[in-house]
Amino acid sequence: MSLENLKIFKERFEFTENWEKKFKGENNLNNFIPAFSGGSLFFVDQEGNVSNMDIESGEVLWETELETTISAGIVAGFGKLFLSDDQGNLNSLDQEDGSILWKSFAGGEVLANVDVDAGLVIVKTASGFLNAFNIETGSEEWSYRSVAPNLTVRGSSSPVINDNIVYATFDNGRIGAFNLKTGLPIWDGAISFTEGVSELDNLIDADSSPVLEGSRIYTVNFQGNLSVFDAAQRRMVWESQESSFYEPFILRGVLGIISADSKISTFFVKNFRGLLEA
């Protein structure tokens, strides 16, 4: 389908700004995003300033300074906050007052947000470690290390917990599924394979998190593929050559991807037939 065949919508929506608060630092890797819990919005900037704000009014409920450089933004869950610093530490804070509950070494630099469940915090490092920490004590419960290439793109993807399984993508262009409680690998698959002759040609980092929809898992990597896996069959069921650092998106039966060169491609989820390229 071409752009000429699309309908023109003339509806317009106006947005009103309710409140604004400025923070310091940069967000070049897009890993500083707010976290939400109850009526609160939590945010941390690169310099370690953590704020708890009322969602409706923007009123600051509490602030604390961690006195360390933050490498990945904030995650809220089960009454706690989780963030990573540039020394490779995972920090846990109390949502009520911002006090530090525990700090644990994650195994290396962390550039992506963690995922949490009632018992464990799952962390993926830029060096390819996937680690699980006890949510109450910060003790390491299990660790897995992927086979990493010599040269990678500076970026990382967040792990995803679903139905007691951890899904994670790695710099070697693969996706893995792991038992949440034990860390034992359940299955893995290649999003794409290396095809070049130089290290630059063979950069196939998967720097976007897998997207789960029903029994399907949607993944993409750099200089590789947009690939769809079936969780029950534990194998790839479809692929299309793409190169992207961004998560695939699914909306109203349409699968979309924004490529590394800002091209948008969409497909019908039902049969993967191409819909639009722009």
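For what it's worth, our numbering labels the leading residue of the sequence shown as 1251, then goes sequentially. Backbone N, C-alpha and C fix where the C-beta goes; we use that ideal spot for every residue, glycine too. Because the structure is a prediction, the values reported are computed rather than measured.
Exposure label - residue i; buried when at least 16 CB within 10 Å
i     : result
D1457 : buried
P1435 : exposed
V1310 : exposed
S1307 : exposed
V1294 : buried
A1528 : exposed
F1292 : buried
Residue(s) in a DSSP beta bridge with residue i
i     : result
W1352 : S1342
I1320 : D1335
K1374 : L1380
A1427 : Y1417 and W1437
K1330 : G1327 and D1344
W1312 : N1302
L1291 : F1286 and M1303
F1518 : V1504
V1410 : Y1417
Straight-line Cα distance separating residue j from residue i
i     : j     : result
A1356 : E1264 : 43 Å
S1448 : S1354 : 37 Å
N1422 : D1335 : 24 Å
G1323 : Q1483 : 34 Å
S1349 : W1312 : 10 Å
F1499 : N1400 : 30 Å
N1299 : S1459 : 26 Å
S1477 : W1437 : 16 Å
F1383 : A1510 : 33 Å
S1321 : N1475 : 28 Å
E1297 : T1314 : 11 Å
R1395 : E1267 : 45 Å
S1442 : N1471 : 8 Å
Local conformation of residue i per DSSP, three classes
i     : result
W1488 : strand
D1214 : Lying before the first or after the last residue shown, residue 1214 is absent from the chain, which here runs from 1251 to 1528.
I1527 : The amino acid occupying residue 1527 in the given sequence is Glu; Ile does not appear at that position. In the structure shown, E1527 sits in a strand (DSSP, three-state: E or B).
R1395 : strand
Proximity test, residue i beta-carbon vs the ligand NAP heavy atom, cut-off 6 Å
i     : result
D1335 : In terms of ligand content, the structure shown is empty, and the ligand NAP therefore cannot be addressed.
Residue-chain proximity (residue i, chain E), Cβ-Cβ < 7 Å
i     : result
L1331 : Absence of chain E from the displayed structure is noted, only one protein chain being present.
request  = Would you list, in sequence order, the uninterrupted beta strand (DSSP E) runs of no fewer than 3 residues that lie entirely inside the segment 1462-1507?
outcome  = 1466-1470, 1474-1480, 1485-1492 and 1499-1501
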